[in-house]
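In full-length UniProt numbering, the protein residues as written are 1 to 416.
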């Protein structure tokens with residue numbers, strides 16, 4: 001009898017030792033991408049080897065379907081444990097208490113790693129004073145300058161200041177064939193929404209919302225914000241900015257840059273493979289966005305990694321989240337051209353030797369997030385319309401931004 005009890009006890013202990021928690025990880029990595037192959041063939045297997053008590057089931061969801069799947073999953077209580085989520089969605093889902101505040105639930109560990117992240121990407125995890133996840137990957141926009149066109153007017157490097165930018169844009173705008181029509185422009189942009197306008201607004205010392213993301217009046221229509229839009233309008237009205245923005249048509253920014261039509265454009269890291277894919281001989285040069293009264297600022301893009309409140313495996317999920325944001329994993333993803341979120345990698349050899357990441361990592365030191373707010377989609381549209389009204393319809397700059405402030409205040413009030 002004692003032997004039987006001993007055998008049963010051994011079996012029970014062995015069973016407990018072999019018990020494995022399974023967590024699900026929803027992401028939008030394309031299944032034919034280097035990121036997906038790295039995730040499934042190396043990152044997850046190595047995590048499971050380090051944590052044999054945890055199994056990770058990855059689930060690929062197309063980016064265009066992810067937000068709707070999150071909304072439906074929230075209503076049904078059927079979500080993955082861990083989600084790779086677009087940074088602009090975090091406040092929306094945090095506001096409806098779908099996400100775990102990691103600075104509360106895992107406070108001690110969060111405090112230990114908080115300062116390891118670049119401030120711009122980390123700020124995209126914050127809503128109402130708490131952090132609902134960690135940055136996973138990031139990107140931003142910098143200024144590409146066409147070396148050939150610059151050298152033709154005696155310039156050897158991209159503009160460092162907004163004063164230089166304005167001067168260079170004028171020098172680089174030409175009627176090359178003498179027909180009375182401009183056919184080379186100093187600058188071209190692809191849109192007027194915050195993704196494109198934030199580098200202008202913040203570099204001029206302007207804002208969209210205050211630091212608490214609860215006030216627009218006096219910020220979206222601040223002196224710096226007004227000056228940014230006025231400068232853009234003046235350059236466009238004078239013909240120094242190409243008609244590639246709303247209502248203007250024109251040649252695309254990447255094509256125009258590669259074909260020596262646009263001397264300067266705003267672009268993210270995806271510009272390199274796109275331009276080089278179509279124009280293998282194109283030379284691409286980049287600098288951080290020209291500094292104004294607010295310094296050199298640009299916009300933060302990317303994804304965060306979050307834990308859902310419905311998860312029954314929060315501790316195991318947290319281990320996976322920490323692993324995905326570790327130095328080793330972040331560095332591994334650099335090899336497949338995913339930009340890291342850690343301060344320690346800014347000056348790393350992998351970044352320095354990368355064909356084009358270094359300038360983006362430099363820009364990320366001062367890049368700012370699109371204001372983390374659950375009503376961001378509405379705020380985005382209001383800002384886009386305000387800039388369109390001025391640039392396309394010739395509205396007064398201050399009046400347009402004053403009206404935008406009123407509208408955004410109404411959006412903010414909806415979430416109080």
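By construction, the Cβ of each residue, glycine as well, lies at the ideal position given by its N, Cα and C atoms.
Predicted, not measured: the structure shown is a model, and the values here were computed from it.
If the criterion is Cβ atoms closer than 7 Å, does the pair residue i and residue j meet it?
i           : j           : result
residue 390 : residue 229 : yes
residue 286 : residue 144 : yes
residue 263 : residue 146 : yes
residue 261 : residue 275 : no
residue 94  : residue 132 : yes
residue 304 : residue 90  : yes
residue 23  : residue 313 : yes
residue 371 : residue 209 : yes
residue 350 : residue 322 : no
residue 310 : residue 34  : no
residue 363 : residue 166 : no
residue 339 : residue 194 : no
residue 103 : residue 130 : yes
residue 28  : residue 66  : yes
residue 341 : residue 135 : yes
residue 226 : residue 397 : yes
residue 87  : residue 302 : yes
Within a Cβ cutoff of 7 Å, which residues of the same chain sit near residue i, ignoring the five residues on either side of it in sequence?
i           : result
residue 73  : 79
residue 297 : 199, 202, 203, 289, 366, 367, 368
residue 164 : 290
residue 56  : 23, 25, 44, 47, 48, 320
residue 482 : Given that the chain is displayed from residue 1 to residue 416, the structure contains no residue 482 and the question cannot be resolved.
Please determine, among the options, the residue with the shortest C-alpha to C-alpha distance to residue i.
i           : options            : result
residue 294 : 193, 44, 206, 383  : 206
residue 139 : 133, 131, 152, 121 : 121
residue 213 : 282, 373, 406, 26  : 373
residue 318 : 108, 92, 89, 68    : 108
residue 222 : 38, 35, 404, 64    : 404
residue 361 : 217, 381, 119      : 119
residue 375 : 216, 34, 153, 183  : 216
residue 315 : 31, 82, 28, 27     : 82
residue 191 : 241, 104, 348, 225 : 241
residue 256 : 69, 189, 352       : 189
residue 169 : 187, 137, 398      : 187
residue 299 : 326, 197, 407      : 197
residue 96  : 239, 308, 231      : 308
residue 68  : 51, 92, 54, 53     : 92
residue 38  : 105, 183, 324      : 324
residue 415 : 41, 63, 127        : 127
residue 123 : 211, 181, 59       : 211
residue 386 : 413, 224, 220      : 220
residue 281 : 52, 60, 148        : 148
residue 172 : 380, 183, 54       : 183
residue 410 : 333, 395, 379, 64  : 379
residue 357 : 392, 395, 284, 177 : 284
Among the residues of its own chain, which have a CB less than 6 Å from the CB of residue i, if the five just before and after it don't count?
i           : result
residue 291 : 161
residue 279 : 258
residue 179 : none
residue 54  : 21, 316
Helix, strand or coil, according to DSSP, for residue i in the structure here?
i           : result
residue 304 : strand
residue 393 : coil
residue 414 : helix
residue 38  : helix
residue 401 : helix
residue 51  : coil
residue 160 : coil
residue 406 : helix
residue 46  : helix
residue 19  : coil
residue 418 : The structure shown does not extend to residue 418, since the chain is modelled only from 1 to 416, so the question has no answer here.
residue 350 : helix
residue 342 : strand
residue 61  : coil
residue 166 : helix
residue 359 : helix
Quick check: does the Cβ of residue i come within less than 6 Å of any heavy atom belonging to the ligand SAM?
i           : result
residue 179 : Inclusion of the ligand SAM in the displayed structure is not the case, the ligand content being empty and no account of it being possible.
Below 8 Å CB to CB, which residues in the same chain sit around residue i once its five sequence neighbours on both sides are set aside?
i           : result
residue 254 : 265, 267, 271, 274, 275, 278
> Considering only residues of the stretch 65-151, which uninterrupted beta strand (DSSP E) runs meet the minimum length of 3 residues and lie entirely inside it, listed in chain order?
Replying inline: Within the stretch 65-151, the complete beta strand (DSSP E) runs of at least 3 residues are 82-86, 134-139, 142-145.
>> Which runs of the alpha helix (DSSP H) at least 4 residues long sit entirely within the stretch 179-267? Give them in chain order.
In response: DSSP runs (the alpha helix (DSSP H)) wholly in the stretch 179-267: 194-203, 223-237, 253-258.
>> Give the list of continuous alpha helix (DSSP H) stretches no shorter than 4 residues that lie fully inside the stretch 263-340.
In response: With a minimum length of 4 residues, the continuous alpha helix (DSSP H) runs that stay inside the stretch 263-340 are 271-278, 314-324, 327-334.
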